[in-house]
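Reviewing the structure listed below.
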Amino acid sequence: MGKAKFHDRFLLILITATAFLVPGIASTNKFEEIKEERGNYFSEADQYYSMNIHYNNYPDDSSDLIWKNMESEDGFNLSDDDFIDGTTIIELPFEFQLFDLNVTRVAVTKQGTIKSADPSVNWIIAPLNAKLGMTSCKISLLNRDKKVIIQWNDFRFNCDGYDEHEFRFQVRLGERGEIDFDYRRVPYNLAVLQETCHCLEDKFGVMYTHDEFFEVTPYKETYELGFSMDFEKYQVKQGTFIIFVRADRCMDQTNCLDCTNTKFRHDPKYYLSRCSWCPAIKKCSSMRDSLRHVWKEHCDLHHMSAPGFCNEKTEGLKMFMVLMILSVSLTLTVLCVLLKDGIVKVCFTIPLEWLRERIQSINPPNQPVENNQAGDQNNGQEGQEDEEGQEDEEGQEEQEHQPVVWINNFIRRPSTYV
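In this note's numbering, the protein residues as written are 31 to 448.
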């Protein structure tokens, strides 16, 4: 147990040192040119930034420490009876996260590959990727420290001139989605073997054919995620150790809040950027991943990169209210500029004139002296009319207070008429 922990710690130190000593992304040069530029260590991302690789060629003494020895750690050997047409299904002790998939069952093949146990899902983890029926081997399994290790032993090609020596290599699947290729024995140049024997497929690595669906055009797109390699550019030999890690995880997020809280490394200088959410297509993206073409068409003008703008229940209402307030403010501003004179007349001039007339009607202004006599006469007439009005009112009140006599249910008369 102590030896296993030492191996893991030593591996972590080597990986960390590699990441800091040789940052950068490999170009499309041939492998020898890359090797000359960066030595035996380099990192690279695929075209959609879905996966990074850290490629290492360790000397024999270092590769011995990294290699997991199945015999000393009680590995489980599969028998030929466990295979049907060169394939067996194994259950993983944990959910292995592969892009947007949570994998619990895998198909292990004698071609040096691990595939989806579900035929409807197309992904492959291939350290060699031989053609069907061209190999023979034995396979061992080991579950240790939250990793499943699958090892191909005595791996031989059924091809004249290449069946004398065996290959030996491992794949490690980690609980958090880590994938490692470890090559312990590689007796032949695989690029030459591929050309002369025709027993290897064109690509090896991690490959996932992913279908993305949209509510807008183009409605469906198919992308090749992961990192695929060819044996000419990426030379595999004894001591080669390749680490596959997720790059941008933006596309895994399914809502605005999770999206904008997710970050990715924007460049080799470890500058972190936030993922962006597009309400129009309801997708999360780093804007450089496989969604970039659809993003440019539908999301360039309206997307969110801060969690504060996200509320799944009120996101649409917020945007509507903001646009409504802006439109009303703009409309009022335009009306004020165009109807300035009318607004002043309606709001100020007319109310002030009406108020002035009301005040004058209640308190009439002083009249001239020559009109006093006429005013007195008018006042006398008004006084006489007031007295007559009072007498009439008093007579009506007296009449109302007189007793009444009912003729029938509908008519009544004063009692003086009886």
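The beta carbon of each residue, even a glycine, is placed where N, CA and C say it ideally should be. Note that the structure is a prediction, hence the values are computed from the model and not measured.
Which stretch, first to last residue, makes up the beta strand (DSSP E) that contains residue i?
i           : result
residue 147 : Taken as a continuous stretch (DSSP letters only), residue 147 belongs to no beta strand (DSSP E), as it is neither H nor E.
residue 177 : 177-187
residue 121 : 117-128
residue 270 : 270-276
residue 153 : 153-156
residue 293 : 293-295
Helix, strand or coil for residue i per DSSP?
i           : result
residue 334 : strand
residue 339 : helix
residue 166 : strand
residue 221 : helix
residue 321 : coil
residue 387 : helix
residue 245 : coil
residue 326 : helix
residue 108 : coil
residue 239 : strand
residue 252 : strand
Output the distance between the C-alpha atoms of residue i and residue j, rounded to the nearest integer angstrom.
i           : j           : result
residue 162 : residue 233 : 14 Å
residue 136 : residue 204 : 14 Å
residue 240 : residue 359 : 47 Å
residue 320 : residue 245 : 16 Å
residue 111 : residue 250 : 42 Å
residue 275 : residue 364 : 56 Å
residue 259 : residue 164 : 20 Å
residue 217 : residue 199 : 12 Å
residue 235 : residue 356 : 53 Å
residue 207 : residue 247 : 32 Å
residue 413 : residue 387 : Bear in mind that the predicted position of residue 413 carries a pLDDT of just 49, short of 50, making it too unreliable to give a figure here.
residue 69  : residue 170 : Note that residue 69 scores 48 on pLDDT, short of 50, meaning its location in the model is unreliable; the coordinates nonetheless yield the value given after this. Approximately 33 Å, taken between the alpha carbons.
residue 382 : residue 337 : 53 Å
residue 61  : residue 185 : Since pLDDT at residue 61 reaches only 42, below the 50 mark, its modelled position is unreliable, and the value read off the structure follows with that caveat. Whole-angstrom Cα-Cα distance: 25 Å.
residue 104 : residue 294 : 39 Å
residue 192 : residue 226 : 10 Å
residue 119 : residue 134 : 11 Å
residue 522 : residue 281 : Residue 522 is absent from the model: the chain starts at 31 and stops at 448.
residue 362 : residue 309 : 30 Å
residue 93  : residue 318 : 36 Å
residue 99  : residue 89  : 17 Å
residue 129 : residue 71  : 25 Å
residue 212 : residue 327 : 42 Å
residue 107 : residue 168 : 8 Å
residue 153 : residue 180 : 17 Å
residue 306 : residue 256 : 21 Å
residue 431 : residue 391 : In this prediction, residue 431 has a pLDDT of 48, which is less than 50 and means its spatial position is unreliable; nothing more can be read from the coordinates.
residue 146 : residue 354 : 50 Å
residue 63  : residue 210 : Note that residue 63 has pLDDT 48, beneath the 50 cutoff, so the model's placement of it is unreliable and no number is given.
residue 78  : residue 237 : 12 Å
residue 222 : residue 263 : 12 Å
Per DSSP, which one or two residues make a beta bridge with residue i?
i           : result
residue 72  : 85
residue 364 : Its beta-bridge partners do not exist; DSSP assigns none.
residue 259 : 234
residue 314 : 307
residue 207 : DSSP lists no partner for residue 207.
residue 478 : The chain is shown from 31 up to 448; residue 478 falls before or after that span and cannot be answered.
residue 200 : 181 and 212
residue 228 : In DSSP, residue 228 forms no bridge with anything.
residue 279 : Looking at the DSSP assignment, residue 279 forms no beta bridge with any residue, so it has no partner.
residue 173 : 178
residue 302 : 295
Terminal residues of the continuous alpha helix (DSSP H) containing residue i?
i           : result
residue 137 : Here residue 137 belongs to no alpha helix (DSSP H); instead the beta strand (DSSP E) covers 131-139.
residue 379 : Element bounds for residue 379: n/a, residue is neither H nor E.
residue 193 : Careful: residue 193 lies outside any alpha helix (DSSP H) and carries neither H nor E.
residue 288 : 286-290
Report the option in the options whose CA atom is closest to the CA atom of residue i.
i           : options               : result
residue 290 : 265, 340 and 390      : 340
residue 84  : 277, 318 and 309      : 277
residue 335 : 316, 328, 323 and 324 : 316
residue 286 : 313, 268 and 294      : 313
residue 117 : 98, 94, 138 and 301   : 138
residue 202 : 185, 225 and 174      : 174
residue 311 : 318, 333 and 238      : 333
residue 182 : 318, 305, 158 and 238 : 158
residue 323 : 133, 242 and 270      : 242
residue 87  : 73, 147 and 115       : 73
residue 268 : 154, 124 and 96       : 96
residue 195 : 114, 326, 177 and 219 : 219
residue 230 : 143, 115, 329 and 254 : 143
residue 122 : 114, 197 and 132      : 132
residue 126 : 304, 222, 101 and 176 : 176
residue 187 : 102, 145, 301 and 141 : 141
Consider the C-beta atom of residue i and the heavy atoms of the ligand NAP; say whether any pair is separated by less than 7 Å.
i           : result
residue 167 : In terms of ligand content, the structure shown is empty, and the ligand NAP therefore cannot be addressed.
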